[in-house]
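The opening residue of the sequence shown carries number 36 in the working numbering; numbering runs sequentially from there.
Think of the CB as a built atom: it goes at the ideal place given N, C-alpha and C, for glycine as much as any other residue.
Just so we're clear, the structure is a prediction, and the values are computed from it rather than from any experiment.
Contents: one structure, followed by commentary.
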Amino acid sequence: MSRPPATSNETTPIQRCPPELDRERLPAHVALIMDGNGRWAESRGLPRVMGHRAGVEALKATLRLCSDWGIAALTAYAFSTENWSRPGDEVNFLMTLFERVLQKELRTLEAEQVRIRFLGDLDALPTKLQELIGDATERTADNSGIHFNVCTNYGGRRELVQAAQRLAQRAAAGELDPDSIDENSIAAE
36 MSRPPATSNE
46 TTPIQRCPPE
56 LDRERLPAHV
66 ALIMDGNGRW
76 AESRGLPRVM
86 GHRAGVEALK
96 ATLRLCSDWG
106 IAALTAYAFS
116 TENWSRPGDE
126 VNFLMTLFER
136 VLQKELRTLE
146 AEQVRIRFLG
156 DLDALPTKLQ
166 ELIGDATERT
176 ADNSGIHFNV
186 CTNYGGRREL
196 VQAAQRLAQR
206 AAAGELDPDS
216 IDENSIAAE
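Pasting the structure below:
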């Protein structure tokens with residue numbers, strides 16, 4: 036590949052797929068959960084926030100590698116609905132870190148043709164972060180490179196509850212037989 040890496044670290048060379056890996060067998064989509072960063076830092080005697088910063092660097096390296104290897108999409112679960120229960124200072128740090136990373140990396144993501152999308156309940160995020168997310172999404176919407184999905188304020192439990200509520204409403208309105216509700220019904224919601 037002739038393009039530079041998909042982050043602002045211009046000194047990092049392109050990481051070619053090792054010859055022993057069959058490119059045809061690589062996944063088209065990779066997903067990861069950013070979990071354990073705080074525990075990682077604590078286990079090394081560092082403040083939890085250092086773990087979150089290290090997690091960002093690991094995510095950037097993963098995005099770069101996926102892009103370099105021709106993987107079409109990367110999804111990162113970056114902040115779940117359950118993360119709001121963390122100490123307020125940690126949540127505030129995470130929101131500020133999110134803002135700073137978006138501000139710092141957006142031009143590079145644009146130049147590298149990365150298409151970034153955000154999934155989750157974005158309305159609950161700080162206004163400034165919502166604006167940055169909207170700007171990043173808009174500015175990269177037509178990019179042709181790797182699709183980078185960031186799940187933010189996203190939770191599987193919340194999604195299941197919302198699906199169940201919609202199905203219950205349809206059943207109460209007589210539009211759906213409650214006995215017909217199964218895994219496929221929930222998946223369709």
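**Per-residue DSSP class, three states only, for glycine 80** = Correct three-state label for glycine 80: coil.
**Alpha carbon of asparagine 178 to alpha carbon of glutamine 148, nearest angstrom** = When rounded, the distance between both Cα atoms is 5 angstroms.
**Prompt:** Within this structure, are the beta carbons of leucine 109 and leucine 67 separated by less than 9 angstroms?
**Reply:** Cβ distance < 9 angstroms, so leucine 109 and leucine 67 count as in contact.
**Request:** Taking leucine 164 as the reference, give the member of Glu145, Leu132 and Gly190 with the closest Cα.
**Result:** Taking only the C-alpha atoms, the option nearest leucine 164 is Leu132.
**Request:** Counting only runs of 4+ residues fully inside the region 72–132, write out the alpha helix (DSSP H) ranges in chain order.
**Result:** Taking only runs of at least 4 residues, the alpha helix (DSSP H) segments lying wholly in the region 72–132 are 72–78 and 83–103.
**Prompt:** Secondary structure at serine 215, three-state DSSP: helix, strand or coil?
**Reply:** Under the three-state reduction of DSSP output, serine 215 falls in the helix class.
**Prompt:** Where does isoleucine 221 fall in DSSP's three states?
**Reply:** Helix, per DSSP.
**Request:** Check whether the Cβ atoms of glutamate 145 and arginine 99 sit closer than 9 angstroms, and answer yes or no.
**Result:** Contact: no.
**Asked** In angstroms, rounded to a whole number, what distance separates the CA positions of isoleucine 181 and aspartate 170?
**Response** Spanning the two alpha carbons is a distance of roughly 18 angstroms.
**Request:** Check whether the Cβ atoms of methionine 69 and alanine 76 sit closer than 9 angstroms, and answer yes or no.
**Result:** For methionine 69 and alanine 76, no; Cβs fall outside 9 angstroms.
**Start and end residues, beta strand (DSSP E) containing leucine 154** = Counting along the chain, the unbroken beta strand (DSSP E) around leucine 154 starts and ends at 150–154.
**Proximity to alanine 63 [Cα-Cα], best of Leu167, Asp103 and Pro53** = Of the listed residues, the one whose Cα sits closest to alanine 63 is Asp103.
**Asked** Do alanine 111 and leucine 94 have their C-beta atoms within less than 9 angstroms of each other?
**Response** Result yes, Cβ atoms of alanine 111 and leucine 94 sit closer than 9 angstroms.
**Request:** Give the straight-line distance between the Cα atoms of proline 122 and glutamine 138, rounded to the nearest whole angstrom.
**Result:** Going from the Cα of proline 122 to the Cα of glutamine 138 covers about 25 angstroms.
**Prompt:** Whose C-beta lies closer than 6 angstroms to the C-beta of aspartate 212 among residues of the same chain, with five residues either side of it excluded?
**Reply:** Sequence-distant Cβ neighbours of aspartate 212 in its own chain, meaning closer than 6 angstroms and more than five residues away, do not exist here.
**Delimiting residues of the alpha helix (DSSP H) encompassing alanine 199** = The continuous alpha helix (DSSP H) containing alanine 199 extends over residues 191–207.
**Asked** Is phenylalanine 183 closer than 9 angstroms to isoleucine 151 when the C-beta atoms are compared?
**Response** Yes, the Cβ-Cβ distance between isoleucine 151 and phenylalanine 183 is below 9 angstroms.
**Request:** Taking alanine 66 as part of the beta strand (DSSP E), name the residues at either end of that continuous run.
**Result:** 64–68 is the span of the beta strand (DSSP E), which, as asked, contains alanine 66.
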